[in-house]
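Q: Numbering (our numbering), first residue to last: 3 to 492. This structure is in structure tokens; I'll ask about it shortly.
This is the structure we're talking about:
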């Protein structure tokens, strides 16, 4: 008889006893022991290896064949068939988007006094061609050019059509007018084509475009309609989507500086009208979101505005978990969004830095759900394909959890998780006191320290622990974002 005593959260064998072996040869006995130990150990999912790419400010586009493309600063671009694994196909020193970019975009580069490009956006119009809205900016001043180029292929080469906007010309007031960068081009619910753009300087602006030509419609103010920001507020990376179920336009933004220690974080506001006014969950008008006159680049002035989806964060390992990785994510931001019309699923694509690697960055995809209050909640773990999920693994609520609140600040130091215990009867103790309830359809409702949250449960891949775990993402009615990841080894 072979008996095994187990100990610890990870169910490691503390010791085993061998009794009554009945003359079994030692070699066979050793094999038998090894087999018993192997079968008795809990099943562990194989470690996933993401094929990461470095595309700063990734703007996503899905081609008719189902392939995804992301386009970023410095002519970086990559493609994926599943939003999980990516393959780079362009960067500035091997610019397949336009090998002769210095000649093709000479006018814009000369105006901006630079040799590189910042965040572009690509959209396919009714003629079946791909229109790339590019921008050039040196960075130390709001001298920028924003133009449009076209290609028959999403991989280029893109041929310049014309410059649409310039900023920094004589008479330009950088506290009032936008820096002409960070375009996002989109169709509204009525089929009208728009471009939202801008960064720091005078804020975020909106212009209507001609859906046939992709050029700016006549009869508008030179820079368009002011939506938010000003006085050199640290706000950029506007990205607009419309949700037909809620009836809202959602304007995603990045607050703070983009460096690893500068507090970049993703936020969102919404409006029933594409032209605004936009509000956050607390009812703040985003028209009021700006630095005070003369108080340039002061994040304290803008921090109260917008629903914060994600900032720098770390899930702190609990007792018995692997503490060697415990990644510290910093300055996640400049996101884009993709909606799958066939499945109704939403995805958030953004770049992320890590405390351990400085200003290097990778692209991450997170699934996103709209909660009962009508706000998007992003998953605490990276998206993996459905066929990568362990078969039959169900969501488990009871047990030890790591809870992480993202706060409302522009945090240059990561927010960290705290431990809480979820009981079988729906009680919560530890980092917060209260209750939780599941609706059986993926929804979760929590009341913690008197605050009600609504969100979504899922099985996610904990890349700190290399295991699939139960997770949830939730938000309060006034826009406080809460993430939960169940501890491994339970």
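Cβ atoms here follow ideal geometry from the backbone N, Cα and C, with glycine treated the same way. Here the structure is a predicted model, which means the values were calculated and not measured.
(1) Using beta-carbon positions only, say whether residue 292 and residue 257 come within less than 9 Å of one another.
(2) In three-state terms, what does DSSP make of residue 76?
(3) Can you give me the start and stop residues for the alpha helix (DSSP H) that residue 351 sits inside?
(4) Is it buried or exposed for residue 313, if we count other Cβ within 10 angstroms and need 16 for buried?
(5) What residue does the beta strand (DSSP E) around residue 150 start on, and which one ends it?
(6) Use the C-beta contact count for residue 309: other C-beta atoms within 10 angstroms, 16 or more gives buried, fewer gives exposed.
(7) Mind listing, in chain order, the continuous alpha helix (DSSP H) runs of no fewer than 4 residues lying wholly within the region 433-478?
(8) Do residue 475 and residue 380 have their C-beta atoms closer together than 9 Å?
(9) Decide if residue 59 is buried, meaning its Cβ has at least 16 other Cβ atoms within 10 Å, or exposed.
(10) Decide if the region 381-395 is in contact with the region 445-452; the criterion is three or more beta carbon pairs, one per stretch, under 8 Å apart.
(11) Can we say the region 181-188 touches the region 238-248, given the rule of at least three CB pairs closer than 8 Å?
(12) Quick check: the region 132-152 against the region 104-124, are at least 3 beta-carbon pairs closer than 8 Å?
(13) Mind the definition here: the region 255-275 touches the region 406-426 only if three or more C-beta pairs lie below 8 Å; say whether that holds.
(14) Nearest to residue 203 by alpha carbon, out of 406, 169, 371?
(15) Exposed or buried, residue 128, counting other C-beta atoms within 10 Å across all chains shown (16 or more means buried)?
(16) Tell me which residues share the same chain as residue 61 and place their Cβ nearer than 6 Å to its Cβ, disregarding the 5 neighbours each side in the sequence.
(17) Please report the distance separating the alpha-carbon of residue 289 from that of residue 177.
(18) Can you check which of these residues, 173, 174, 213, is closest to residue 190 by C-alpha distance?
(19) From what residue to what residue does the alpha helix (DSSP H) around residue 123 run?
(20) Hey, residue 333 and residue 362 are a contact pair by Cβ (cut 8 Å); roughly how many whole angstroms apart?
(21) Excluding sequence positions up to five away, which residues of its chain have a Cβ less than 7 Å from the Cβ of residue 433?
(22) Would you tell me roughly how many angstroms separate the C-alpha atoms of residue 151 and residue 193, rounded to the nearest one?
(23) Using the three-state DSSP reduction, which class does residue 108 fall into: helix, strand or coil?
(24) By the three-class DSSP mapping on this structure, what secondary structure does residue 340 have?
(25) Tell me the DSSP secondary structure of residue 420 in three-state form.
(26) So, residue 407 versus residue 484, is the Cβ gap smaller than 9 Å?
(27) Could you pull the start and end residues of the beta strand (DSSP E) that residue 361 belongs to?
(28) Given residue 57, which residues of its chain have a CB within under 6 Å of its CB, disregarding the five upstream and five downstream residues?
(29) Taking DSSP as the reference, what is the three-state secondary structure of residue 88?
(30) Figure out for me which residue from 245, 471, 50, 449 has the closest Cα to the Cα of residue 346.
(31) Using only CA atoms, which one of 402, 326, 452, 470 lies nearest to residue 396?
(32) I think residue 283 touches residue 377, with their Cβ atoms under 8 Å apart; what is that distance to the nearest whole Å?
(33) Only counting the same chain, and skipping five residues up and downstream in sequence, which positions put a Cβ closer than 6 Å to that of residue 482?
(34) Does DSSP put residue 113 in a helix, a strand or coil?
(35) Between which two residues does the alpha helix (DSSP H) holding residue 163 run?
(36) Among 89, 111, 275, 53, which residue has its Cα nearest to the Cα of residue 76?
A: Let me lay it out:
(1) Counting from one through the chain shown, the residue named residue 292 turns up at place 290. Counting from one through the chain shown, the residue named residue 257 turns up at place 255. Not in contact: residue 292 and residue 257 (Cβ atoms no closer than 9 Å).
(2) Looking up residue 76 in the chain shown gives position 74. Three-state DSSP puts residue 76 in a helix.
(3) The residue given as residue 351 occupies position 349 in the chain shown. It is not in any alpha helix (DSSP H) - residue 351 instead sits in the beta strand (DSSP E) that spans 347-356.
(4) Position 311 of the chain shown, counted from the first residue, corresponds to residue 313. Buried: at least 16 other Cβ atoms inside 10 Å.
(5) In the chain shown, residue 150 corresponds to position 148, counting from 1. Here the beta strand (DSSP E) through residue 150 covers 146-153.
(6) Locating residue 309 in the chain shown gives position 307, where the first residue counts as 1. Buried, by the Cβ-count rule.
(7) none
(8) Taking the first residue of the chain shown as position 1, residue 475 is located at position 473. Taking the first residue of the chain shown as position 1, residue 380 is located at position 378. In this structure, residue 380 lies closer than 9 Å to residue 475 by Cβ.
(9) One-based indexing of the chain shown puts residue 59 at position 57. It counts as buried.
(10) no
(11) yes
(12) yes
(13) yes
(14) Taking the first residue of the chain shown as position 1, residue 203 is located at position 201. When each option's Cα is compared against that of residue 203, the closest is 169.
(15) If you number the chain shown from 1, residue 128 lands on position 126. Exposed, since its Cβ has fewer than 16 Cβ neighbours within 10 Å.
(16) The residue you call residue 61 lines up with position 59 of the chain shown. Taken in chain order, the residues that qualify are 73, 123, 338.
(17) Residue mapping note: residue 289 aligns to position 287 of the chain shown, counting from 1. Residue mapping note: residue 177 aligns to position 175 of the chain shown, counting from 1. Approximately 14 Å, taken between the alpha carbons.
(18) Residue mapping note: residue 190 aligns to position 188 of the chain shown, counting from 1. Of 173, 174, 213, the residue nearest in Cα terms is 213.
(19) To locate residue 123, count along the chain shown from 1; it is residue 121. Residue 123 -> not in any alpha helix (DSSP H); beta strand (DSSP E) instead, spanning 120-126.
(20) For this step, residue 333 is matched to residue 331 along the chain shown. For this step, residue 362 is matched to residue 360 along the chain shown. Residue 333 to residue 362, Cβ: 11 Å. No contact.
(21) By one-based count along the chain shown, residue 433 stands at place 431. 405, 420, 421, 422.
(22) Counted from its first residue, the chain shown places residue 151 at position 149. Counted from its first residue, the chain shown places residue 193 at position 191. One C-alpha to the other measures close to 21 Å.
(23) In the chain shown, residue 108 corresponds to position 106, counting from 1. The answer is helix: DSSP assigns residue 108 an H, G or I state.
(24) Translated into positions along the chain shown, residue 340 becomes position 338. Note: residue 340 maps to strand in three-state DSSP.
(25) In the chain shown, counting from the first residue as 1, residue 420 sits at position 418. In this structure, residue 420 counts as strand in the three-state DSSP scheme.
(26) Position 405 of the chain shown, counted from the start, is the residue given in the question as residue 407. Position 482 of the chain shown, counted from the start, is the residue given in the question as residue 484. In contact: residue 407 and residue 484 (Cβ atoms closer than 9 Å).
(27) Your numbering for residue 361 matches position 359 in the chain shown. Unbroken beta strand (DSSP E) run through residue 361: 360-372.
(28) Position 55 of the chain shown, counting from 1, holds the residue named residue 57. Cβ within range, chain order: 72, 74, 78, 80, 365.
(29) Stepping through the chain shown from its first residue, residue 88 is reached at position 86. It is coil, neither helix nor strand.
(30) Position 344 of the chain shown, counted from the start, is the residue given in the question as residue 346. Out of 245, 471, 50, 449, 245 has the C-alpha closest to the C-alpha of residue 346.
(31) As a first step, residue 396 is located in the chain shown; it is residue number 394 there, counting from the start. Selected option, being the one with the closest Cα: 470.
(32) Counted from its first residue, the chain shown places residue 283 at position 281. Counted from its first residue, the chain shown places residue 377 at position 375. Yes, residue 283 and residue 377 are in contact; Cβ-Cβ is about 6 Å, under 8 Å.
(33) Position 480 of the chain shown, counted from the first residue, corresponds to residue 482. Closer than 6 Å at Cβ, skipping near neighbours: no residue.
(34) What you label residue 113 is simply residue 111 of the chain shown in a count that begins at 1. If DSSP states are grouped into helix, strand and coil, residue 113 belongs with the helices.
(35) Along the chain shown, one-based indexing puts residue 163 at 161. Note, residue 163: premise wrong, no alpha helix (DSSP H); beta strand (DSSP E) at 161-169.
(36) Walking along the chain shown from the start, residue 76 turns up at place 74. Checking every option, the nearest Cα to that of residue 76 belongs to 111.
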